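Below is one structure, written out as structure tokens, with a few remarks after it.
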Amino acid sequence: MLRLILFIILNLIFLNIGNTNENLTNYSCKWENKNEIPCVEIISLVPNSSSFSKSGINKTTITKNQIIESGAVDLIDILKSLPDINITQSGPKGQQASMFMRGTGSNHTLVLINGIPINDQSTTQGLHDFGVDFIQTIQQIEVYPGSSATHFGTNAIGGAINIVLTGDYKDSISAATDNSGNYEFSGNKTFIYDDSSLNIKIGSVKNETVSARGNISDEKDALNNYSTNINYEKFLNDNIRIYNTTYLRKTKAEYDNSNTDQHGYEGNNKMGTIQFGLENQFNSKKDNYIFYYNVYDREYDEKGTIDTYESEVLGLKYDLSRNVNNNLSYGIGSEYKYDWGYFDNNGSYKASTKGHSDNFALYSNLGWNILDNSNISLFGRRDEHKQTGPNNTYKINFEQRFNNFNLGISYMNGLRNPTLYEMFGTDNFGYSGNRNLKPEKSNTYELYSNMILNEYMNLSVRAFKANIQNNIEYINNKYQNDSDNIDLNQSGLSNQMNVKLKNINLDFFTSFLSSKKENGASQLRRPNKNYGLNVYRNIENSFLGDLELNLKYNHYGKHFDTHSTTFSTIEMDSTDLVDLKITKKLYSGNFYIKLTNALGETYQRPHGYNQEDRIIKFGMNY
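Residues in the sequence shown are numbered from 596 upward in steps of one, following the numbering used here.
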């Protein structure tokens, strides 16, 4: 309660509604005409950043158009083609999926909606299940490789994924089906008034292709997913707007308990978030106030035996950004977050428990343009956690700009506080929570360069080295900090090249990774080499008209894994996957055919879990 009171007092101190006589740069074109598409720009709300500190933030943005062009169904389809990211999924779509960003575990990747953390606190390690994220209502995806604790808070040791849900002011509808009878559907509708807008998006996916485990041909694990996204915003005057985002998702998926026990298992995953905000922006000043509430409800039905996991998160957040002059900017902010979790294992483990915690944070940043060709950015954050106490994280970035390229160097540290289950969980096998856990911490060094090679080509290169201490592991029926003080070490090199010609666009990436424990043991499911190619070609044909060709190739290198039955460590072969999509523009819509896994590659990632064979999909966007 004291943390909450302090949060309110600080925000009252910093409150600045501003002078409405000043012009608002970004909102000067709010609604030009109710019957026209408004002049609205998607602005990424990266916490703890200001105008001249943003150059120190490593970010990749996937726009709505890029999502549509890819023909992707879920978030995994998008992220698996990016460097620094490796994803494994325990079967077809809808099954549990794990992400390893820069060699770190899934518990080190923070997932957000509009800059608000949504990691599921009802899981054992506060994981986010990427297998239930579908893109029918998503407007934009932002990927932040590397420790992002100073921007987003704890859990972002490996990086962060920000899902942007904002209003899409162009009405649309899309639908698709494939050779297995599966389908996907989405619709978008916006109502525009004089000073406000209401946007509604809906999406649905049905998928049933293969069995997650085993070789029974007549057994397929089905998925049904439904999502709704509602966005409302209203301008109180030329400077101030209020906004709301509501997102609801329901996923029902069948799964297999083992290679020999495949029938009668079902998971129901429900998730919802609601966000209310007030944004005040005038000239070079910006204030943003956000209230948010997240809820998770998961049930696992194992032939009539039901386990239930629930969590709720309540948060308040404030961000302030100011430009002092043409070369200096700063930002400050604060956040209060309350977490509650309930774990009912009465079905499988005959035990149930619950717990709660809270966290209060203060953060700031400074961006300074030194002369005309260099920049220094400083970021700092202090978290006051109920169980682990105060912890500080910071980041420093220096960038030098030349005529056709820039060169930068960064140092940053990260933080992961123990989850509710790690602190309060229990079962009938002797496990009990550990409230004496220390937070995991990391240190990361990064060197990067972005180069314009000529008018057609640009190249970006990043090298990093990271270290994680105080690893929390399950040892002797309890989550403990590693008793042997064995650190995790990651290092890697990645690059991306883009080539743009008259009617062709090429994107190529390579990624090399070393992820080992301090004793030299390699971490599992981390390929040491990935690379990929994406080709987009516009073909003008007098007979067929305008066609768009999209070819995607991904290579996943060899890696170590655990055998699904013997539990021994084995080496997994590399995998090569090819997707092909052809789009025909007709009237105001697009019609396409897409081949996923066009070569019919048979593979398992991880071992023992079947992946989808070749799929032929037909769809339209209008």
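From the three backbone atoms N, C-alpha and C, an ideal C-beta is built for every residue, glycine too. Just so we're clear, the structure is a prediction, and the values are computed from it rather than from any experiment.
TODO: With a 10 Å radius around its C-beta and 16 neighbouring C-beta atoms as the bar for buried, classify K1153 as buried or exposed.
DONE: By 1-based counting over the sequence shown, the position of residue 1153 is 558. Burial call: exposed.
Open item on the list: If you follow the beta strand (DSSP E) that S916 is in, where does it begin and where does it stop?
Closed with: The residue labelled residue 916 in the question sits at position 321 within the sequence shown. It spans T900 to N918 - the beta strand (DSSP E) in which S916 sits, taken as one unbroken run.
Open item on the list: Pull the bridge partners of Y1043 from the DSSP assignment, please.
Closed with: In the sequence shown, counting from the first residue as 1, residue 1043 sits at position 448. Beta-bridge pairing links Y1043 to G1003 and R1057.
- [ ] Report the residue from G666, S775 and G762 whose alpha carbon sits nearest the alpha carbon of S791.
- [x] Here residue 791 is taken as the residue at index 196 of the sequence shown, counted from 1. The shortest C-alpha separation from S791 is found at G762.
Task: Chain-order list of residues whose beta-carbon lies under 7 Å from that of K584 (same chain, five-residue window excluded) - done: Absent from the model: residue 584. The displayed extent of the chain is 596 to 1217, so no value can be given.
Open item on the list: Let me check understanding here. Comparing Cα to Cα, which of F997, Y1040 and A751 lies closest to S1005?
Closed with: Numbered from its first residue, the sequence shown carries residue 1005 at position 410. Among F997, Y1040 and A751, the Cα nearest to that of S1005 is on Y1040.
Open item on the list: At the level of alpha carbons, what is the spacing between N987 and N954?
Closed with: For the purposes of this step, residue 987 is taken as the residue at position 392 of the sequence shown. For the purposes of this step, residue 954 is taken as the residue at position 359 of the sequence shown. Roughly 13 Å separates the two Cα atoms.
Task: Extent of the continuous beta strand (DSSP E) to which T1191 belongs - done: Taking the first residue of the sequence shown as 1, we reach residue 1191 at position 596. Its beta strand (DSSP E) spans residues G1184 to T1191.
Open item on the list: At the level of alpha carbons, what is the spacing between Y827 and N757?
Closed with: Against the sequence shown, residue 827 aligns to sequence position 232. Against the sequence shown, residue 757 aligns to sequence position 162. C-alpha separation (whole angstroms): 20 Å.
Open item on the list: Just verifying my parser: in three-state terms, what is the DSSP assignment at Q661?
Closed with: By one-based count along the sequence shown, residue 661 stands at place 66. Helix at Q661.
TODO: Report yes if the CB atom of E994 is closer than 8 Å to the CB atom of P985, and no otherwise.
DONE: One-based indexing of the sequence shown puts residue 994 at position 399. One-based indexing of the sequence shown puts residue 985 at position 390. No, they are not a contact pair.
TODO: Inspect the CB distances between the region 760 to 777 and the region 713 to 724 and report whether three or more fall short of 8 Å.
DONE: no
Task: Pair within 8 Å by beta-carbon distance, L1128 and Y1148 - done: On the sequence shown, residue 1128 is found 533 positions in, with the first residue counted as 1. On the sequence shown, residue 1148 is found 553 positions in, with the first residue counted as 1. The answer is yes: Cβ separation under 8 Å.
Open item on the list: Just to confirm, is the Cβ distance from I1047 to S775 under 8 Å?
Closed with: Translated into positions along the sequence shown, residue 1047 becomes position 452. Translated into positions along the sequence shown, residue 775 becomes position 180. No.
Open item on the list: Looking at Q731: is its Cβ nearer than 8 Å to the Cβ of K659?
Closed with: Position 136 of the sequence shown, counted from the start, is the residue given in the question as residue 731. Position 64 of the sequence shown, counted from the start, is the residue given in the question as residue 659. In this structure, K659 does not lie closer than 8 Å to Q731 by Cβ.
TODO: Identify, in the order they occur along the chain, each residue of the same chain with its Cβ nearer than 6 Å to the Cβ of W935, setting aside the five sequence neighbours on each side.
DONE: Start at 1 with the first residue of the sequence shown, and residue 935 comes out as number 340. Within the same chain, W935 has close Cβ partners E907 and H951.
Task: Length-filtered (3 minimum) beta strand (DSSP E) runs lying within the region 668 to 697 - done: 680 to 684 and 692 to 696
Task: Which residues DSSP lists as bridging L843, in chain order - done: For the purposes of this step, residue 843 is identified with residue 248 of the sequence shown, where counting begins at 1. Paired residues: T823 and G867.
TODO: For K898, count neighbouring C-beta atoms within 10 Å of its own C-beta (all shown protein chains included) and say buried if the count is 16 or more, exposed if not.
DONE: The count along the sequence shown starts at 1 and reaches residue 898 at position 303. So K898 counts as exposed.
TODO: Could you tell me whether the Cβ of L831 comes closer than 8 Å to any Cβ of chain C?
DONE: Of the protein chains in the structure, only one exists, and it is not chain C.
- [ ] Following the continuous alpha helix (DSSP H) through T745, name the residue where it begins and the one where it ends.
- [x] Along the sequence shown, read from residue 1 onward, the residue named residue 745 stands at position 150. First-last of the alpha helix (DSSP H) with T745: A744 to F747.
TODO: Please determine if the region 691 to 705 and the region 872 to 888 are in contact, where contact requires at least 3 C-beta pairs separated by less than 8 Å.
DONE: no
TODO: Please report the Cβ distance between N1205 and V805, rounded to the nearest whole angstrom; I am assuming they are in contact, meaning their Cβ atoms lie under 8 Å.
DONE: Walking along the sequence shown from the start, residue 1205 turns up at place 610. Walking along the sequence shown from the start, residue 805 turns up at place 210. Contact holds; Cβ gap of about 5 Å.
Open item on the list: Going by the DSSP bridge assignment, what does I1134 pair with across the sheet?
Closed with: In the sequence shown, the residue the question calls residue 1134 occupies position 539. Its beta-bridge partners are L1142.
Task: Closest residue to N1185 among L1083, V641, Q982 and S769 (Cα-Cα distance) - done: Taking the first residue of the sequence shown as 1, we reach residue 1185 at position 590. Of the listed residues, the one whose Cα sits closest to N1185 is S769.
TODO: Could you spell out the range, first to last residue, of the alpha helix (DSSP H) harbouring L1015?
DONE: Working through the sequence shown from its first residue, we reach residue 1015 at position 420. Run containing L1015: L1015 to F1019, per the alpha helix (DSSP H) assignment.
Task: Outcome for L1242 when other beta-carbon atoms lying within 10 angstroms are tallied against a minimum of 16 - done: Nothing about residue 1242 can be read from this structure; the chain reaches only from 596 to 1217.
TODO: Just grab the DSSP bridge partners of F1155 for me.
DONE: To locate residue 1155, count along the sequence shown from 1; it is residue 560. In DSSP, F1155 forms a bridge with E1166.
Task: Nonlocal neighbours in the same chain, by C-beta distance under 6 Å from N651, ignoring five residues either side - done: Within the sequence shown, the letter at position 56 stands for residue 651. The sequence given here has Gly at residue 651, not Asn. Answer for G651: S972 and N992, listed in chain order.
Open item on the list: If we require 3 or more residues per run, which beta strand (DSSP E) segments fall completely within the region 732 to 812?
Closed with: 735 to 740, 754 to 759, 767 to 773, 778 to 787 and 791 to 802
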